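Numbering (the UniProt record's numbering), first residue to last: 1 to 268.
Shown next, in the form of structure tokens:
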């Protein structure tokens with residue numbers, strides 16, 4: 001049975017202990033969370049005036065990578081699924097405008113959205129520094145997309161897992177050498193050699209190497225993982241994980257239907 005324990009959580013960062021799953025399962029969640037979570041990001045920019053020190057392409061790239069947060073992500077449709085066939089409408093895109101004159105530092109907070117529910121996830125991201133007489137006027141069109149198509153649509157900045165360590169102790173003579181070597185202070189003696197805070201073990205194996213009688217063995221637990229995920233602020237961690245599970249479930253449903261269809265064709 002799968003067991004999930006929350007070790008640490010805020011909206012933009014989560015650390016979980018997951019038990020009873022395989023490497024393939026946890027890696028599927030990781031890959032989908034990185035590359036297949038729909039996210040809103042600037043996809044096209046019309047630059048009307050740019051006398052700053054940045055080329056138009058660099059300015060567009062910086063604005064495109066600013067994470068956008070919305071309270072109603074489900075309202076927006078993927079361009080290829082929208083009734084407008086991707087031509088652009090309020091159901092599949094929103095517009096943010098930028099108009100600034102120097103001298104000043106232009107920040108993400110200077111982007112003004114036509115949709116009050118869509119705004120930069122962070123207000124203090126620097127875009128460009130304008131000097132006296134310089135100005136930037138542009139219009140940015142944000143659309144839904146997924147990370148496998150471009151990094152600007154990747155909702156995670158960190159998405160990684162590691163196996164929990166497993167420490168086996170056999171016929172220890174309680175010399176204490178391994179206790180001195182452990183950089184995390186995980187080993188102690190209470191009538192016999194014991195392990196505490198196993199989740200903190202980084203698998204350095206110094207305890208194993210220093211033991212002259214091979215009484216301690218460090219290995220990986222193949223069915224326990226510590227899963228770390230960090231959001232760029234556009235979508236909270238809970239929604240990323242839930243959406244990743246939904247995407248995997250839909251893939252399995254489609255696979256099952258496809259296999260059944262192939263079987264039906266062969267029978268007929």
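The beta carbon of each residue, even a glycine, is placed where N, CA and C say it ideally should be.
Since we're looking at a predicted model, the values are computed, not measured.
Helix, strand or coil at residue 13 according to DSSP, with G and I counted as helix: Strand.
Assumed close pair residue 223, residue 19 - CB separation to whole angstroms, cut-off 8 Å: 7 Å
Ordered list of alpha helix (DSSP H) runs contained in the region 206-235, each at least 4 residues: 206-210
Assigned exposure category for residue 34 - 16 Cβ within 10 Å defines buried: buried
Nearest-angstrom beta carbon gap, residue 130 and residue 88 [assumed within contact, 8 Å]: So it is not a contact: roughly 29 Å between Cβ atoms.
Residue 164 beta carbon less than 8 Å from that of residue 189: no
Continuous beta strand (DSSP E) assignments of at least 3 residues falling wholly in the region 94-122: 104-107 and 118-120
With 16 other Cβ atoms within 10 Å as the buried cut-off, status of residue 252: exposed
Contained beta strand (DSSP E) runs [length at least 3] in the region 10-86, N- to C-terminal order: 13-19, 39-50 and 68-70
Inter-residue CB distance, residue 229 and residue 158 (contact presumed, cutoff 8 Å): Yes, residue 229 and residue 158 are in contact; Cβ-Cβ is about 7 Å, under 8 Å.
Contact between the region 126-141 and the region 40-48 (3+ Cβ pairs under 8 Å): Between the region 126-141 and the region 40-48, the count of Cβ pairs shorter than 8 Å is three or higher; the stretches touch.
Option in 10, 31, 195 and 134 with minimal Cα separation from residue 54: 134
Touch test, the region 23-33 against the region 73-93, Cβ-Cβ under 8 Å, three pairs minimum: no
Bounding residues of the alpha helix (DSSP H) (the contiguous stretch that carries residue 268): Unbroken run through residue 268: none, as it is neither H nor E.
Residue 216 versus residue 3 - alpha carbon distance: Taking the straight line joining both Cα atoms gives about 28 Å.
The region 177-188 in contact with the region 102-122 per 3-pair CB rule at 8 Å: no
With 16 other Cβ atoms within 10 Å as the buried cut-off, status of residue 281: In this structure the chain extends from 1 to 268, so residue 281 is not present and cannot be described.
Minimum C-alpha distance to residue 10 - residue among 238, 245 and 242: 238
CB-CB length for residue 36 against residue 247, believed under 8 Å: 5 Å
Secondary structure of residue 160, DSSP reduced to three states: strand
Residue range of the unbroken alpha helix (DSSP H) whose run includes residue 180: 177-181
Residue 194 versus residue 39: straight-line alpha-carbon distance, rounded: Taking the straight line joining both Cα atoms gives about 47 Å.
Top-ranked residue by Cα proximity to residue 173, from 213, 236, 204 and 79: 213
Contact with chain D by residue 91, beta-carbon distance below 8 Å: The displayed structure is made up of one protein chain only, and chain D is not part of it.
Span separating the alpha-carbon of residue 66 from that of residue 145: 14 Å
Coil, strand or helix - residue 249 by DSSP: Helix at residue 249.
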